[in-house]
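Participant: Residue numbers (our numbering): 227 to 400. One structure follows; several queries about it will come next.
Next up, the structure:
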């Protein structure tokens, strides 16, 4: 790409992303806003970032939509947290995390603590345990964070879409 002879700048580019047209400058403003909100230490701005469904920029300007990110605090005084996990950097977790490995909730025990909170579901990605990033943890590292002593546990969760053909079903006993 050639620099404009009089301005010394690159020409304005038109970018098409999933049929959304925008100028290169607009695209860069969006990227900077996402980075600013994500890195903000201000709790209000952090909540804005976490509550928005923001498109993340991947290689070659393709986009994927992230899903709701939220925190859940569960009591640990009753033993089991009421869910199982799968995944980690050292474990395949098919069908979850096909594009991006991570730690996922593979099962929520009906009537358990996680089920009673009403926010967790199969396929949820666990990003943090008590503010410790587990997004790139091995399975064992994630388990060790979940098992650390304390009266409660704070999880930062991202709702990922369920893989094709999966449904989050619940059985009711008669």
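Quick reminder that beta carbons are idealized off the backbone N, C-alpha and C, glycines included.
1) With residue 299 and residue 374 assumed to form a contact (beta carbons below 8 Å), what rounded beta-carbon distance in angstroms separates them?
2) Report yes or no: do three or more beta-carbon pairs, one from the stretch 303-312 and one from the stretch 322-336, lie closer than 8 Å?
3) Looking at the unbroken alpha helix (DSSP H) that takes in residue 335, where does it start and where does it end?
4) Could you say which of 384, 303, 267 lies nearest to residue 354 if we only look at CA atoms?
5) CB residue 306 to CB residue 335, shorter than 9 Å?
6) Give me, in chain order, the residues of the same chain whose beta-carbon lies closer than 6 Å to that of residue 382; leave out the 5 immediate sequence neighbours on both sides.
7) Which term fits residue 363, buried or exposed, when burial requires 16 or more other beta carbons within 10 angstroms of its beta carbon?
8) Residue 386 to residue 345, Cα distance in whole Å?
9) With distances taken from CA atoms, which of 340, 301, 357, 359 is nearest residue 377?
10) Count the other C-beta atoms from every protein chain shown that fall within 10 angstroms of the C-beta of residue 360, then say buried if there are 16 or more, exposed otherwise.
11) In the DSSP assignment, find the alpha helix (DSSP H) that holds residue 372 and state where it starts and stops.
Facilitator: In short, the structure shows the following:
1) In fact, because the Cβ distance is near 14 Å, the residues do not count as touching under 8 Å.
2) yes
3) Careful: residue 335 lies outside any alpha helix (DSSP H) and carries neither H nor E.
4) 384
5) yes
6) 297, 353, 354
7) buried
8) 13 Å
9) 301
10) buried
11) 365-373
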